[in-house]
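So the structure is just underneath, and the comments pick up after that.
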Amino acid sequence: MLRRLMFVVILLLVAVLFATQYTRTITEKIEVYHDGLAIITRQEKITGEDLPKFYSEYYKQLLQDEKSFNAFLYEATKEYYFLYGTTPGFSVKDIKFSADKTFTATIVMKVPGFVRYDKDKNRFVIARKGFENNEKLADLLLPKYFEDQIEQNIFIASFLKSEKNSLVTERTVELVLPEGSTLEEIAPTFVSRTEPVSWYVDFGGGNTYKAVLKKTDKGFILKETMLINGGTPKNLLDEKSSEKVLQSLRDYTAFQIGFFNDKMKPDSLTKPIEHKVKNDFSGSWTFTASQSGQKTLTFTTSTTPSVQMIATPRIDTSLTMQVSLLIDHGWVKTGWCSWSWRLRRFEASVSPTITIKPSLDINVTGTLEKTLSATLFSYRPAPIYFSISFVPVWIQFELAVNAEVYEKFSAGLSFTVSTNYNHYASLKFTYDGRWNYSASRNASYSGPSFPKPSARAGALAKLSLPFTVSAYIYSVAGPFVRLSPWLKGETTIATGNRLDAKLSGGLTLSGGVQMAGWLKAFCDNLPSVEYNIWTWETVPYQGSFTY
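Listed below in structure tokens is the structure:
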């Protein structure tokens, strides 16, 4: 019994040692004024290995680039519109951040139209998920709110990779009513709820939301704990159980407070501002990256003092790649403000346009047959950032190229071969209940070069340059393309003093998607899919030399 207990303890220790927990702490202070305007001061702190650094890089970018800031403004204010029915405003000057071991960002927002007037009860109201008591508006916005929450967690779970790792978000919201206010009641927004005191949402797999509400003399304090890991959200996977999850998410922290204030005038209240998400919402993202350069690697090998080979493969590349991701949500309305959910479609598209000039310089003394290989280079540009609400997402592009040289010579010889390849491909990998792909592609060559070899001898030299181009979310999951261009020079001793020469080449193309987290669970739980798509071969040059 003791041995069994010790074994269990060891297993638990191993699980703890190899697990990583990231912590996200958010505090929001909402100060409401007599004209219905609110000032929200939001502070966010991030701890954990690597995560603060990425948050810092993202905030640097959005403060320096207008397009990035506008995209962030759209996403950040969308969350408040879903909750309070009005859109905050802030500028670059309203954001302050610092980063060391902990990332800290503070944003000050002005929110007009935060308070409504209830004419029937002659009181003022602040509502979360109130949707102005408009069922049509609720039918429009609630699915978008659900999508926003699901997508945040899809990307968070991708970053976490495994159910062993987790992100805990602790959020505290303190609301302070205008001076002179008398708080009447706190009531649920939706009739299905009783007195709002606490909430719980269980996505399955250990992924949960919890919240507790406390009334204060000046307003309320709301404390939330959101735990997301890389585990399977099994309660979302089944359409029937997803309905219960979404009802819980609908009701989650949905309440309204009624209060009186003699200093406030209904006609003097600021007006709420609609958000663009009301009429325009797209769960797709498109990115482009490019790279060009010249890389050379020299192999030197010898088997005996009299037999030596020097092989120099070289590649000149120019690459532009466009990547797009699409998450398409499927909704079935099951009742009043009630839906079931499934992932209708996930789509990853990648379109690389590549110009390649491979060349190979060979110098051999003696008879030799040899295969050599090495990594030619790996290129990782700065990540491309975007956000879902306040959750930054980054895509890491990477180009990794290897060089493989096969040589077979019957005598001492040196020669150089090269050509230009142009290749375009558009690949789309789709999951809509099953995995499939579609592809369009073309390739061509130009400028083949096969100068006269140094001697009349039989030889074969083949250069392969297999490389992988990937666009991985958080360097973990996303689409990739494998392209293997090759170039082969051959000489054959012919009759008389002639030496026949042939330059052939081609490429193979494959691609797929690497999966992780929730998205992996939604798409048949496959860690990756890959398809062999195309093989192309050509003979750019064929001729002979006389000695």
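All residue numbers in the sequence shown are consecutive under numbering that gives the first Met the number 0, ending with 546.
Glycine is no exception: its CB is placed at the ideal position from the N, C-alpha and C atoms.
- The shortest C-alpha to C-alpha distance from P526 to any of W517, N133, G495, T534 is the one to W517.
- The shortest CA-to-CA distance from P380 to any of E368, A18, T534, G292 is the one to G292.
- Counting only unbroken stretches of 3 or more residues, the beta strand (DSSP E) elements lying wholly within the stretch 367-452 are 367-378, 383-387, 390-408, 412-430, 434-448, in sequence order.
- I25 sits close to E43, with the two beta carbons spaced by under 7 angstroms.
- If you keep only unbroken alpha helix (DSSP H) runs of at least 4 residues inside the stretch 345-370, you get nothing at all.
- According to the DSSP assignment, T76 belongs to no beta strand (DSSP E) but to the alpha helix (DSSP H) extending over 65-83.
- Exposed is the label assigned to A373, since fewer than 16 other Cβ atoms lie within 10 Å of its Cβ.
- Beta bridge pairing from DSSP links K294 with I314.
- Cβ neighbours of G457 within its own chain (closer than 8 angstroms, five residues either side excluded): F408, S409, A410, T490, T491, I492.
- In this structure the stretch 106-116 lies against the stretch 79-95, because at least three pairs of beta carbons, one per stretch, are closer than 8 angstroms.
- As the crow flies, the alpha-carbon of K487 is around 14 angstroms from that of W535.
- For D523, no beta strand (DSSP E) encloses it, and the DSSP letter there is neither H nor E.
- Sorting E150, H274, G365 by C-alpha distance to the C-alpha of L136 places H274 at the top.
- Per DSSP, I45 is one residue of the beta strand (DSSP E) stretching across 37-46.
- Minimum Cα-Cα distance from T101 among the listed residues N206, P51, V512 corresponds to P51.
- T76 is positioned such that its CB atom lies closer than 7 angstroms to that of T86.
- With contacts defined as CB atoms closer than 7 angstroms, L248 and V211 fail to qualify as a contacting pair.
- In this structure, F376 places its C-beta atom within 7 angstroms of the C-beta atom of K294.
- Its Cα nearest to that of K356, the residue T418 stands out among T333, V331, T418.
- For F89 and E56, the gap between their C-alpha atoms comes out near 20 angstroms.
- Remark: C-beta atoms of F53 and L61 do not approach each other more closely than 7 angstroms.
- Rounded to whole angstroms, the gap between the alpha carbons of R122 and F259 is 5 angstroms.
- The stretch 458-467 makes no contact with the stretch 378-393, as fewer than three CB pairs between them are under 8 angstroms.
- Check the Cα spacing between A460 and each of I394, V404, P265, E183: the tightest is with V404.
- Under the three-state reduction of DSSP, F189 is assigned to coil, being neither helix nor strand.
- S339 is positioned such that its CB atom lies closer than 7 angstroms to that of V331.
- Cβ neighbours of E346 within its own chain (closer than 6 angstroms, five residues either side excluded): L325, T429.
- Inside the stretch 176-229, DSSP marks whole beta strand (DSSP E) runs of 3 or more residues at positions 181-187, 197-203, 206-214, 218-228, from first to last along the chain.
- Here L498 is near F544, since their CB atoms are less than 7 angstroms apart.
- In the structure shown, the three-state DSSP call for N531 is strand.
- Annotated three-state conformation of I149 is helix, per DSSP.
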